[in-house]
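Participant:
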Amino acid sequence: MQVPKAQPDETLFSRIVRYISLSGLQKERCLNTLVGNRRAVIHPYLTADLDLISRFTNESANYLCREQTLRPLFSHFLPKYREIINDCSIGTNELVRACQLSTFREHEPLTLKYCPVCAEEDIYNVGVAYWHCSHQIPGVDACSEHGVWLIHQELHEREHFRSYLFPPTCDVKVQCSDLAWSFAQYAERKFRSIQDNAYLQFKPSGYKNHLSDKGFTTFTGRIKRIELMAALYSISEKILLPDNPLRITSAQDLKYMSSLIDGTYQVHPFKHLLLEFLLTQTQLSENPDEHVSTSRSKDDDVKELETRCCDLLLNGYSMAQVGRDIGKSRCYVKAVALRHHIPVNLKPYKITDSLKDKVSRLAYKGVHRSTIALQLGISSGSVEAIISSIEGLVEWRKKCKADSKRRRYQCQILRYFESHPKGIRKNAKEECEAAFFWLYLHNPEWLEQHLPVPQKTQHVDRVDWEKRDNELSKKVCSIIES
Ligand SMILES: [Zn+2]
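Going by my numbering, the letters in the sequence shown line up with residues 5 to 486, in that order.
(1) Return the Cβ separation of leucine 258 and serine 392 in integer angstroms, given the expectation that the two are a contact with Cβ distance under 8 Å.
(2) Can you name, in chain order, every residue of its own chain whose Cβ lies under 7 Å from the Cβ of isoleucine 330, other than the five neighbours on each side?
(3) Take every Cβ of the region 461-469, pair it with every Cβ of the region 412-432, and state whether three or more of those distances are shorter than 8 Å.
(4) For a minimum of 4 consecutive residues, which ranges assigned as the alpha helix (DSSP H) are wholly contained in the region 336-423?
(5) Can you tell me where the alpha helix (DSSP H) with glutamate 475 in it begins and where it stops?
(6) Exposed or buried, phenylalanine 220, counting other C-beta atoms within 10 Å across all chains shown (16 or more means buried)?
(7) Should isoleucine 127 and leucine 77 be called a contact, given that it needs their Cβ atoms to be closer than 8 Å?
(8) Should the region 149-161 be called in touch with the region 204-216, which here means at least 3 C-beta pairs below 8 Å?
(9) With H, G and I counted as helix, E and B as strand and the rest as coil, what does DSSP make of tryptophan 153?
(10) Please go through the same chain and pick out, in chain order, the residues whose beta-carbon is closer than 7 Å to the beta-carbon of glutamate 388, but skip the five residues on each side of it.
(11) Would you check if the distance between the CB atom of isoleucine 57 and the CB atom of leucine 38 is smaller than 8 Å?
(12) Glutamate 110 and leucine 250 look like a contact to me (Cβ under 8 Å); what is the Cβ gap, rounded to whole Å?
(13) Can you tell me the Cα-Cα spacing of valine 363 and lysine 338, whole angstroms?
(14) Threonine 115: which of Arg59, Asp465 and Asp247 sits nearest, CA to CA?
(15) Quick check: is any heavy atom of ligand 1 less than 7 Å from the C-beta of glutamate 192?
(16) Under 8 Å: do the region 93-110 and the region 269-277 share three or more Cβ pairs, one atom per stretch?
(17) Can you give me the Cβ contacts of threonine 222 inside the same chain, cut-off strictly under 8 Å, excluding the 5 residues immediately before and after it?
(18) Could you work out which residue in Phe274, Val178, Glu124 and Lys409 is closest to isoleucine 355 when comparing CA atoms only?
(19) Around the Cβ of valine 480, are there at least 16 other Cβ atoms within 10 angstroms (buried) or fewer (exposed)?
(20) Rounded to whole angstroms, what is the Cα-Cα separation between histidine 345 and cysteine 147?
(21) Please confirm whether any heavy atom of ligand 1 lies closer than 7 Å to the CB of cysteine 119.
(22) Based on the DSSP output, what are the partners of isoleucine 89 in its beta bridges?
(23) Do you know how far the Cα of phenylalanine 195 is from the Cα of tryptophan 185?
(24) Lysine 207 lies in the beta strand (DSSP E); which residues open and close that run?
(25) Kindly identify the DSSP beta-bridge partner or partners of isoleucine 227.
(26) Proline 48: buried (16+ other C-beta within 10 angstroms of its C-beta) or exposed?
(27) Could you tell me the distance, in whole angstroms, from the CA atom of serine 64 to the CA atom of leucine 54?
(28) Determine which residues share a DSSP beta bridge with glutamine 179 and list them.
(29) Reducing DSSP to helix, strand and coil, say where threonine 311 ends up.
(30) With 16 other CB atoms within 10 Å as the buried threshold, where does alanine 499 fall?
(31) Would the beta-carbon of glutamate 124 fall within 8 Å of that of cysteine 404?
(32) On the criterion of 16 or more Cβ atoms from any shown chain inside 10 Å, does threonine 224 qualify as buried, or is it exposed?
(33) Return helix, strand or coil for glutamate 158, following the three-state DSSP convention.
(34) Considering only the beta carbon of each residue, do lysine 242 and leucine 183 sit closer than 8 Å?
(35) Check whether the Cβ atoms of serine 18 and tyrosine 134 lie closer than 8 Å to each other.
(36) Grab me the residues of isoleucine 46's own chain with a C-beta within less than 7 Å of its C-beta, minus the 5 sequence neighbours each way, in chain order.
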């Protein structure tokens, strides 16, 4: 059986998910057929074993590598490892190692990302929601086409992949920031240009010239680190979701930049995308004339279309009517309406403001996200997206979780001594091991106060042999004498 044909922008991973889902066979058997290993790991965007997999497709291994994985992106920004990364014969472990993912200071946990609007459109157009390559680019948190935040779907340790692992539909669509949208578009354009031009050279040394063009260097040619870092920090804040570990932790993190610019260290491709994006941004705002004329006229078209869309909506036409009029999908009309704050009939949305309030209220109370999801009839991915969109809520929930654990463990210790009034510390340590050690590490004062007084070590009177010898010797003497 062949692996199903690729849909536009579909990852190879996604095709393999469809392959095992359609085969109706066990995952292990399919993996064995595909790559000769029942327990092989299929990476969502650094898919390996391409020589083997390509036997089940009409494409060459090199084509799969270039078009359906993010390997071109990594090999571009990690020129030192280019050869290994582009080697279609290697397996997953070797590839992930070559991509340096574990050595970078910051990296995203592995998730599958999808755009809820794309998922709906894909179902409508091709009958299945699938995983898009451009959505998986690390550090891209928005859909370049629809301007909504992508939703991260967690993957279980090692088990990257199973039958019917498709993006869910009817999920929350949250409008992203304009900057996040532009960044997503930039990252996708960059990725496409790398794909199309395998010999595109990457030279971090070139950054210095660009930076000086943009006024980020002093007269003597030194980089204005503080200004540059502040600019990068502010972008990273706006384009990444609050819990994304790729976010820059502080505007004063000068180390972040030195490793990026001097090119002696390998850094995460996201950092290069971020810096290059910043350079294009200042270019646009400072020298609008330099902007390429062809894309300018395209921008104008886009703006015109948007204006017409807004006019029609404001005149009270329904979304379907407006969509027909301007020749765009309902999703496009919705996105425009949201961006311009035009109230539209959002009936198909499950996620209304009042629902968001409910989620936020439950989340503040510390209710588990899957319980909230079940109670309100939405997916836990939606709940997560709403929670992370509310400032401070994630931190609050972490605190609640820790507090609740502390209370539970304290209670466990207190109950133990209630039922064992004569128990000693050692018993508690053995009987309530987890509680004891957690409190010992996190709340030692409380533990000290509530444990019974440590037993005094019993004093054993030592025999003073010299004294006894003296006494006995007198007795022996008197016995002998008598
Ligand atoms: Zn989309």
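All residues carry an ideal CB built from backbone N, CA and C; glycine is no exception.
Predicted model, so just to flag it, every value in this text is computed and none were measured.
Facilitator: From the atom records:
(1) Not quite, the Cβ-Cβ distance comes to about 28 Å (not below 8 Å), so this is no contact.
(2) Here the set comprises Leu309, Arg312 and Cys313.
(3) Not touching, per the Cβ criterion.
(4) The region 336-423 contains these whole alpha helix (DSSP H) runs: 357-368, 373-380, 384-393 and 397-423.
(5) Counted as a single uninterrupted DSSP element, the alpha helix (DSSP H) harbouring glutamate 475 occupies residues 469-485.
(6) It counts as buried.
(7) It is not a contact, given that the beta carbons lie outside the stated cut-off.
(8) Not touching, per the Cβ criterion.
(9) Tryptophan 153 falls in the strand class under three-state DSSP.
(10) So the qualifying residues of the chain are Arg373.
(11) In this structure, isoleucine 57 sits near leucine 38, with a CB-CB distance shorter than 8 Å.
(12) Rounded to the nearest angstrom, the Cβ distance from glutamate 110 to leucine 250 is 5 Å, consistent with a contact under 8 Å.
(13) Each residue's Cα considered, the two are about 23 Å apart.
(14) With distances taken between CA atoms, threonine 115 lies nearest to Asp247 out of Arg59, Asp465 and Asp247.
(15) Taking 7 Å as the cut-off, one finds no heavy atom of ligand 1 near enough to the beta carbon of glutamate 192.
(16) Enough Cβ pairs lie closer than 8 Å, so yes.
(17) Excluding residues within five positions, the ones whose Cβ falls inside 8 Å are Lys228.
(18) Closest option to isoleucine 355, Cα to Cα, is Val178.
(19) Classification of valine 480: exposed, given that the 10 Å Cβ count is below 16.
(20) Histidine 345 and cysteine 147: Cα-Cα distance of roughly 19 Å.
(21) Yes, ligand 1 has a heavy atom inside 7 Å of this Cβ.
(22) In the DSSP secondary-structure assignment, isoleucine 89 is not bridged to any residue.
(23) Tryptophan 185 and phenylalanine 195 have their C-alpha atoms spaced approximately 15 Å apart.
(24) Note, lysine 207: premise wrong, no beta strand (DSSP E); not H, not E.
(25) The beta-bridge partner set that DSSP reports for isoleucine 227 consists of Thr221.
(26) Burial call: buried.
(27) The straight-line gap from Cα to Cα measures roughly 9 Å.
(28) Glutamine 179 has Val152 as its beta-bridge partners, per DSSP.
(29) Threonine 311 carries a helical assignment under DSSP once its states are collapsed to helix, strand and coil.
(30) Nothing can be reported for residue 499: it is not among the residues displayed for the chain, which extend from 5 to 486.
(31) It is not a contact, given that the beta carbons lie outside the stated cut-off.
(32) Exposed, because fewer than 16 other Cβ atoms sit within 10 Å of the Cβ of threonine 224.
(33) Here glutamate 158 sits in strand by DSSP.
(34) Judged by their CB atoms, lysine 242 and leucine 183 are nearer to each other than the 8 Å cut-off.
(35) By the CB criterion at 8 Å, serine 18 and tyrosine 134 fall inside the cutoff.
(36) Setting aside the 5 residues that flank it on each side, isoleucine 46 is surrounded in the same chain by Phe17, Ile20, His164 and Phe165, each with a C-beta closer than 7 Å to its C-beta; the list follows chain order.
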